[in-house]
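Protein chains in written order, with the working numbering: chain P, 1124 to 1416; chain D, 1124 to 1416.
Notes follow the structure.
Number of protein chains: 2
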Amino acid sequence: MDLRQVEYVVQIVDQGGFTKAAAAVPVSQPALSQAVRALERELGIDLFHRLGRKVRLTPAGEAFLAPARQLLRDAQSARSAVAAVAGLTAGRLDIVALPTLVVEPLVDLVGAFRRQHPQVTVRITEPEDASAVLDLLRTGVCEVGLGEAPVDEPALATDHLLDQELLAVLPPGTVVPSGRRLPIARLAGVPLITTPTGTSTRRLVSDALAAAGIAAEIAVESDHREAIVPLVLAGAGGSLLPEPLARRAEAQGAVVARLSPAIRRSIVLVRRTGTLSPAAQAFRELAIAAVGR
Amino acid sequence: MDLRQVEYVVQIVDQGGFTKAAAAVPVSQPALSQAVRALERELGIDLFHRLGRKVRLTPAGEAFLAPARQLLRDAQSARSAVAAVAGLTAGRLDIVALPTLVVEPLVDLVGAFRRQHPQVTVRITEPEDASAVLDLLRTGVCEVGLGEAPVDEPALATDHLLDQELLAVLPPGTVVPSGRRLPIARLAGVPLITTPTGTSTRRLVSDALAAAGIAAEIAVESDHREAIVPLVLAGAGGSLLPEPLARRAEAQGAVVARLSPAIRRSIVLVRRTGTLSPAAQAFRELAIAAVGR
DNA sequence: TCAAACCTATAGGCTTAACTTATGGATCTT
DNA sequence: AAGATCCATAAGTTAAGCCTATAGGTTTGA
């Protein structure tokens, strides 16, 4: 059985004849005759009485008609369902982002995307660690990700979004040189609150301290990122956070200082090479445009 | 879109890969790959993420899956519906019969047919007149008919079932020579109760009387065949009826006599040339077998 | 009653597409 | 690191679908 054949049968009934049905499809009349014959052969029973000039459904044809119409409706609904996704009027966009990037810049991007495409559900996945971002993209669980450059995998492509600087976030009352950058070496005696090893921020910090020739003194190591700023405010120690997060902490009373040399990271949008879904493509374009402003 | 492609997509999801799906269909793996690609081209969007060794549904693919399964279910139900008719487990058989043949032999045939095929609905159509039987068959309104031979149309074929004799049915008390046939000429003075001109019985009677050289004296002419026997019993006149009907009247008190020469008609099953529906074919075989007994 | 119009079926030829095997590229596993 | 597994691509063959032209039959109108 074939959707084409089904369509022909329904048209013959609706149009009242082979010739009119052929004109309506459109297809040549012999082609339609042959297709119907083939279907009847396959089903093992005639669907139409051929009566010279008129045709009439056989009982088998009548039994066939209702499922046939349903069949065509379903085909249309399948097409519509896919078209809705393609047209961004439905569907889901799976995004993975490093935890430090969720608040900034992801929330704004998702907000803008949702305003543009209210029908698309966005799912934000939290990676287990830095490398998980790439894993999730490679395995197709997520379509786009926010991560750190460089990404060195041929299957993944990146678009640079912005550069972030990590700032020192210190307990209230800490004295720092105002207007100037704080040498990293001055962090030598500061107990640090960090995320566990394996996370991207932790590696960045460790690398920077190592480059400055000092050893990190870890005060608190926690998975719970939302606890970092309160810990700092409570005087548990200092931390190194991306600038947007640092500025939020500063507003709450923490002392924030730029470091010298600066610890920077390049934030990129990561995607699999090849075609993206329309939703993912729209998000990518939106993200690139947003950082341009 | 094509049912084959839809089937492929569903199989890929259910089997968890192109190769397994290809083995399950069965079809070669490249053929399946190509078919899915073609479908994706037609829909304008990918249904699967290809991830080297694994595949994963895209959002569009997920949207497609449910209608796709429904599509396959409908196709199966269309096949089943037709198969049910073909297998005589459903459907309808449209029969047309001359009114004088409905009671005998049609009711017995239909009874036997219904016992064999309880799922098949039988519809008995009453023709306007004798030629209507053939019209209904030619136009496909009915598939088989009971009528009189000869049927002289190339589009219609006949199977001889039985020969019927028309008997004189006379009011109670009428004196007829017992044990011998009644000469038709003796009907000269008998007022007759008949159906209107145009009916097959009426023509048969008229012809017979004309052949005997006597004019028919019409007492009552009525469409209401069920009134004929009561009219005879009430003494309104005599009639000429097929033997089965005549014997029934005799049981109610009418006087019945065979005529000389006999008025006979050949009862045939009429059908369109070409293939019949399974129900019609079964009925035909049943009818032919029944008269053989 | 005959011819014209109309409708479906068949035939022949062509084009397209669907399948096959063989092979390449990539990934996962041992 | 090598083999196994999986999907994509290539090339060639076969089959199916569609077209035009035409035949056979029926209905309609003069």
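No residue lacks a Cβ here, since even glycine has one placed at the ideal position from N, Cα and C.
Residue i (DSSP reduced to helix, strand or coil)
{"i": "glutamine 1287 (chain P)", "result": "strand"}
{"i": "arginine 1304 (chain P)", "result": "coil"}
{"i": "serine 1345 (chain P)", "result": "coil"}
{"i": "arginine 1321 (chain P)", "result": "Just to set this straight, residue 1321 (chain P) is glycine in the shown sequence, not arginine. Of the three classes helix, strand and coil, the one that applies to glycine 1321 (chain P) here is coil, per DSSP."}
{"i": "serine 1400 (chain P)", "result": "coil"}
{"i": "isoleucine 1351 (chain P)", "result": "helix"}
{"i": "alanine 1145 (chain D)", "result": "helix"}
{"i": "serine 1151 (chain P)", "result": "coil"}
{"i": "leucine 1224 (chain D)", "result": "helix"}
{"i": "leucine 1162 (chain P)", "result": "helix"}
{"i": "alanine 1198 (chain D)", "result": "helix"}
{"i": "proline 1367 (chain P)", "result": "helix"}
{"i": "alanine 1206 (chain D)", "result": "helix"}
{"i": "aspartate 1330 (chain P)", "result": "helix"}
{"i": "leucine 1257 (chain D)", "result": "helix"}
{"i": "leucine 1211 (chain D)", "result": "coil"}
{"i": "aspartate 1125 (chain P)", "result": "coil"}
{"i": "valine 1233 (chain D)", "result": "helix"}
{"i": "glutamine 1375 (chain P)", "result": "coil"}
{"i": "glutamine 1072 (chain D)", "result": "Because chain D in this structure spans residues 1124 to 1416, residue 1072 (chain D) falls outside the shown range and cannot be described."}
{"i": "valine 1414 (chain P)", "result": "helix"}
{"i": "glycine 1167 (chain D)", "result": "coil"}
Chain P contact for residue i (CB, 8 Å cutoff)
{"i": "histidine 1172 (chain D)", "result": "yes"}
{"i": "alanine 1204 (chain D)", "result": "yes"}
{"i": "serine 1200 (chain D)", "result": "yes"}
{"i": "arginine 1303 (chain D)", "result": "no"}
{"i": "isoleucine 1135 (chain D)", "result": "no"}
{"i": "arginine 1179 (chain D)", "result": "yes"}
{"i": "aspartate 1169 (chain D)", "result": "yes"}
{"i": "aspartate 1125 (chain D)", "result": "yes"}
Expected contact under 8 Å - CB spacing of residue i and residue j to nearest Å
{"i": "aspartate 1252 (chain D)", "j": "threonine 1324 (chain D)", "result": "With 8 Å as the limit, aspartate 1252 (chain D) and threonine 1324 (chain D) do not qualify as a contact, their Cβ atoms being about 11 Å apart."}
{"i": "valine 1245 (chain P)", "j": "phenylalanine 1236 (chain P)", "result": "7 Å"}
{"i": "leucine 1315 (chain P)", "j": "glycine 1361 (chain P)", "result": "6 Å"}
{"i": "alanine 1403 (chain P)", "j": "alanine 1186 (chain D)", "result": "In fact, because the Cβ distance is near 15 Å, the residues do not count as touching under 8 Å."}
{"i": "valine 1292 (chain P)", "j": "leucine 1221 (chain P)", "result": "The pair is not a contact, with the Cβ atoms about 18 Å apart (cut-off 8 Å)."}
{"i": "isoleucine 1218 (chain D)", "j": "cysteine 1265 (chain D)", "result": "6 Å"}
{"i": "leucine 1075 (chain D)", "j": "leucine 1289 (chain D)", "result": "No answer is possible for residue 1075 (chain D): it lies beyond the span of chain D, which begins at 1124 and ends at 1416."}
{"i": "proline 1306 (chain P)", "j": "serine 1383 (chain P)", "result": "5 Å"}
{"i": "leucine 1260 (chain D)", "j": "arginine 1394 (chain D)", "result": "7 Å"}
Residues bridged to residue i (per DSSP)
{"i": "threonine 1248 (chain P)", "result": "P:Val1219"}
{"i": "arginine 1192 (chain P)", "result": "Arginine 1192 (chain P) is not bridged to any residue."}
{"i": "alanine 1380 (chain D)", "result": "D:Ala1291"}
{"i": "histidine 1172 (chain D)", "result": "D:Arg1179"}
{"i": "serine 1362 (chain D)", "result": "D:Val1292"}
{"i": "proline 1314 (chain D)", "result": "D:Glu1340"}
{"i": "glutamate 1271 (chain D)", "result": "D:Ile1390"}
{"i": "aspartate 1282 (chain D)", "result": "D:Leu1392"}
Test: residue i CB closer than 8 Å to a CB of chain D
{"i": "arginine 1164 (chain P)", "result": "no"}
{"i": "glycine 1263 (chain P)", "result": "yes"}
{"i": "proline 1182 (chain P)", "result": "yes"}
{"i": "serine 1329 (chain P)", "result": "no"}
{"i": "alanine 1144 (chain P)", "result": "no"}
{"i": "serine 1400 (chain P)", "result": "yes"}
beta-carbon residue i near the ligand SAM non-hydrogen atom, thresh 7 Å
{"i": "proline 1314 (chain D)", "result": "By its list of ligands, the structure shown contains no ligand whatsoever, and the ligand SAM lies outside what it can speak to."}
Please list, in chain order, the residues of the segment 1207 to 1239 of chain P that have any C-beta partner in chain D closer than 9 Å. Interface annotation for the segment 1207 to 1239 of chain P against chain D: Ala1207, Val1208, Ala1209, Ala1213, Gly1214, Arg1215, Leu1216 and Asp1217, criterion Cβ-Cβ distance under 9 Å.
Using a Cβ cut-off of 7 Å, which residues of the segment 1185 to 1197 of chain D contact any Cβ in chain P, in chain order? Within the segment 1185 to 1197 of chain D, those residues whose Cβ lies closer than 7 Å to any Cβ of chain P are, in chain order, Ala1186, Phe1187, Pro1190, Ala1191, Gln1193, Leu1194 and Asp1197.
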